[in-house]
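Trainee:
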Amino acid sequence: MTSLTNMLVDNVKPRKWPPGTYVWGNSPPEKPFRKVVEGKKLFEKFVASLTEESGVEEVIVKLMEIATNDEKFFPDPQIALQTQRSPELCQYLCSIMEKFPLDLLRYGTRSHSIILVDRDDQVTFYEKRMAQPPQIGKTIVWADKKITFKLDPPSRNV
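Just so you know, my numbering puts 344 at position 106 of the sequence shown, and the rest follows in order with no gaps.
#1: Here's a check: name, in chain order, each residue in its chain whose Cβ is nearer than 7 Å to the Cβ of Ile352, leaving out the five neighbours to either side.
#2: Would you grab the beta carbon distance between Arg367 and Ala381 for me? Rounded to a whole angstrom, and I think it's under 8 Å.
#3: Phe311 and Glu276: beta carbons closer than 8 Å?
#4: Could you tell me whether the Cβ atoms of Gln320 and Ser265 are closer together than 8 Å?
#5: Helix or strand or just coil, what does DSSP make of Gln360?
#6: Can you check whether the CB of Lys278 is closer than 8 Å to the CB of Thr306?
#7: Counting C-beta neighbours from all protein chains within 10 Å, is the total for Phe387 16 or more, i.e. buried, or is it exposed?
#8: With DSSP as the reference, identify every bridge partner of Met368, one or two as the case may be.
#9: Within a Cβ cutoff of 6 Å, which residues of the same chain sit near Lys314, ignoring the five residues on either side of it in sequence?
#10: Ordered along the chain, which non-local residues of its own chain (more than five positions away) have a Cβ less than 6 Å from that of Lys384?
#11: Quick one: give me the first and last residue of the beta strand (DSSP E) that Ser287 is part of.
#12: With a Cβ-Cβ cutoff of 8 Å, do Thr240 and Lys251 count as a contact?
Shown next as structure tokens:
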């Protein structure tokens with residue numbers, strides 16, 4: 239796997255990663271947010287629980303439980319350093335599912351996407367997103383969509 243970032247680095251260049259489990263956030267890999275570290279633990283625990291019988295729907299439900307985790311991993315020195323915000327504001331950035339009180343700031347997680355590919359090259363794309371921007375005093379409405387398709391076999395250049 240190769241990644242490229244221009245955020246918080248002195249030199250922008252492709253970076254190769256060995257095989258493994260990676261969880262990315264808006265922090266440098268060497269200085270991850272606490273929610274990234276904790277999210278990786280949740281993800282690894284979930285992956286270890288999978289069996290041959292685990293179905294696509296079950297996988298989506300469990301991944302959404304991780305994606306919508308609203309536990310605050312606060313304080314987080316890396317978030318404080320990167321955002322230069324007050325502890326009052328930083329606390330709302332310290333959960334996997336970011337959600338500010340609407341009277342404070344209309345900011346937070348607004349969508350989740352999951353892409354699954356099975357051994358038979360069957361792809362399931364699932365997305366859950368806010369149907370409308372949040373408003374004070376109104377219930378947030380979410381919309382979801384699932385698309386499935388089969389990957390084409392690789393072309394052979396003969």
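C-beta: ideal position from N, C-alpha, C; glycine also.
Mentor: In this structure, then:
#1: Numbered from 1 along the sequence shown, position 114 holds the residue referred to as residue 352. Same-chain partners within the cutoff: Ile298, Leu301 and Tyr364.
#2: As a working note, residue 367 is residue 129 in the sequence shown. As a working note, residue 381 is residue 143 in the sequence shown. About 6 Å separates the two Cβ atoms, so the contact holds.
#3: Taking the sequence shown and counting its residues from 1, the one referred to as residue 311 is at position 73. Taking the sequence shown and counting its residues from 1, the one referred to as residue 276 is at position 38. One thing to note: Phe311 has its Cβ within 8 Å of the Cβ of Glu276.
#4: As a first step, residue 320 is located in the sequence shown; it is residue number 82 there, counting from the start. As a first step, residue 265 is located in the sequence shown; it is residue number 27 there, counting from the start. In this structure, Ser265 lies closer than 8 Å to Gln320 by Cβ.
#5: Taking the first residue of the sequence shown as position 1, residue 360 is located at position 122. Residue state, collapsed to three classes: strand.
#6: For the purposes of this step, residue 306 is identified with residue 68 of the sequence shown, where counting begins at 1. For the purposes of this step, residue 278 is identified with residue 40 of the sequence shown, where counting begins at 1. Cβ atoms of Thr306 and Lys278: not closer than 8 Å.
#7: By one-based count along the sequence shown, residue 387 stands at place 149. Sixteen is the threshold: since fewer than 16 other Cβ atoms of the shown chains lie within 10 Å of the Cβ of Phe387, the residue is exposed.
#8: Numbered from its first residue, the sequence shown carries residue 368 at position 130. Paired residue(s): Trp380.
#9: Taking the first residue of the sequence shown as 1, we reach residue 314 at position 76. It should be noted that the sequence gives Asp, not Lys, for residue 314. Close CB contacts of Asp314 within its chain, under the 6 Å cut and outside five residues either way in sequence, are with Phe271, Arg272 and Cys332 (chain order).
#10: Here the question's residue 384 lines up with position 146 in the sequence shown. When the five nearest sequence neighbours on each side are left out, the beta carbons in the same chain lying within less than 6 Å of the beta carbon of Lys384 are those of Tyr364, in order along the chain.
#11: Taking the first residue of the sequence shown as position 1, residue 287 is located at position 49. Not the beta strand (DSSP E): Ser287 falls in the alpha helix (DSSP H), residues Arg272 to Ser287.
#12: Taking the sequence shown and counting its residues from 1, one reaches residue 240 at position 2. Taking the sequence shown and counting its residues from 1, one reaches residue 251 at position 13. For the 8 Å CB-CB criterion, Thr240 and Lys251 do not form a contact.
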